[in-house]
Amino acid sequence: MQVGKEFDKLESDYTAKIIRWVPHYQEMISSLSEGYPPDFVPLSILDLGTGNGNVSALLQSRFPEADKVIVDASAKMIATCKKRFGGFEQFSYVEKYFQDLHFLPASFDMVVAGLSIHHLQGPEKEILFQDVYTWLKPGGFFSICDLFVDPEDDLEHKRVIGEWERLARLQGSTDDDWAYLMDHYDKYDHPNSYEQQLFWMKNAGFEQTSIPFIRDCFGTIRGHRVP
Ligand SMILES: C[S@@+](CC[C@H](N)C(=O)[O-])C[C@H]1O[C@@H](n2cnc3c(N)ncnc32)[C@H](O)[C@@H]1O
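Residue numbering for the sequence shown follows numbering that gives the first Met the number 0, beginning at 0 and increasing consecutively.
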């Protein structure tokens, strides 16, 4: 099954589930709209893999004037966002896979991706980072919050999964939750390390790459398209 259909199934009660399943969820998604230079006021924002809109809701309160384009492959998630943000004229909606997106160069001041990039294979990430660089205006920022780990590093990968389980259970995840999560992880998740993704960002042209938020393997990375 494609990832968009999988997230159709997760749409109902999504926020309660993700808070139970993903350690530091609220802090991580908040970090996408924080920590920019004080004079950075984006007027156009792209939210990649918006889900039910939790990241975009934070962006709307932080940058209310900005136009927001929200993208997701899940028809149900996009339908929920249309209801959630229906009262705001700043929002437009694209039901597509990232791999099929085409925007004009220099379309956005800011691009964010909350827990969505790990669904791409490594080479797809590299291509997307290059696309995002061209879609950004000079002066723009690209921020990703996600799980960061190198699955090829067996010991570290096992440690990360063990720590994730420990924290998820502290947040109320049950045996059924954890069994579902690991099945989903095997089928749909392709994380890479902080170092690898920062390297791909730099290769795409981003400068001043940084990790503005980090809690072990859960964190936020950022790149700047310098003017
Ligand atoms: C884990 S959810 C995160 C949702 C939201 N950003 C959040 O932080 O709560 C990942 C979302 O990305 C979408 N997604 C994953 N891979 C995608 C792709 N290649 N193209 C478009 N959407 C994708 C899924 O449909 C899902 O809604």
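We treat Cβ as the ideally placed atom computed from N, Cα and C, and that holds for glycine. The model shown is predicted, which means the values in this text are computed figures rather than measured ones.
Quick check on the burial criterion: 16 or more other C-beta atoms within 10 angstroms. Buried or exposed for residue i?
i, result
"Q196", "buried"
"Q59", "buried"
"K124", "buried"
"I210", "exposed"
"H101", "exposed"
"V40", "exposed"
"R224", "buried"
"L42", "exposed"
"N202", "exposed"
Determine the DSSP secondary structure at residue i, reduced to helix, strand or coil.
i, result
"R168", "helix"
"P190", "coil"
"Y96", "coil"
"Q196", "helix"
"E26", "helix"
"M245", "The chain is shown from 0 up to 226; residue 245 falls before or after that span and cannot be answered."
"G161", "helix"
"Q120", "coil"
"F84", "coil"
"E155", "helix"
"E10", "coil"
"S115", "coil"
"G50", "coil"
"D149", "coil"
Can you find a heavy atom of ligand 1 that lies under 6 Å from the Cβ of residue i?
i, result
"D246", "Since the first residue shown for the chain is 0 and the last is 226, residue 246 is missing from the structure and cannot be characterised."
"M0", "no"
"V148", "no"
"N202", "no"
"I28", "yes"
"H183", "no"
"F107", "no"
"I96", "First, the residue type needs correcting, since residue 96 is Tyr and not Ile in the sequence shown. Y96: yes, Cβ under 6 Å from ligand 1."
"A72", "yes"
"F212", "no"
"H118", "yes"
"N53", "yes"
"G50", "yes"
"L114", "yes"
In the DSSP assignment, what residue or residues form a beta bridge with residue i?
i, result
"T219", "C144 and F212"
"L45", "V68 and V110"
"Y35", "DSSP lists no partner for Y35."
"F90", "K67"
"L180", "For L180, which the question treats as bridged, DSSP gives no partner whatsoever."
"L135", "F107"
"E206", "H223"
When you compare the CB of residue i with every CB in chain C, is at least one pair closer than 7 Å?
i, result
"L127", "Protein chains in the displayed structure number just one, and chain C is not present."
At least 3 beta-carbon pairs within less than 8 Å: the stretch 4-19 vs the stretch 80-87: Taking 8 Å as the limit for Cβ pairs, the verdict is that the stretch 80-87 does not touch the stretch 4-19.
Would you call the stretch 126-138 and the stretch 160-174 in contact, with 3 or more CB pairs under 8 Å? no
Validate contact between the stretch 89-101 and the stretch 65-74 using beta carbons, cut 8 Å, 3 pairs: Judged by Cβ distances under 8 Å, the stretch 89-101 makes contact with the stretch 65-74, as three or more pairs qualify.
The stretch 123-133 contacting the stretch 150-168, beta-carbon criterion three pairs below 8 Å: no
Does the pairing of the stretch 153-160 with the stretch 111-122 give three or more beta-carbon distances under 8 Å? no
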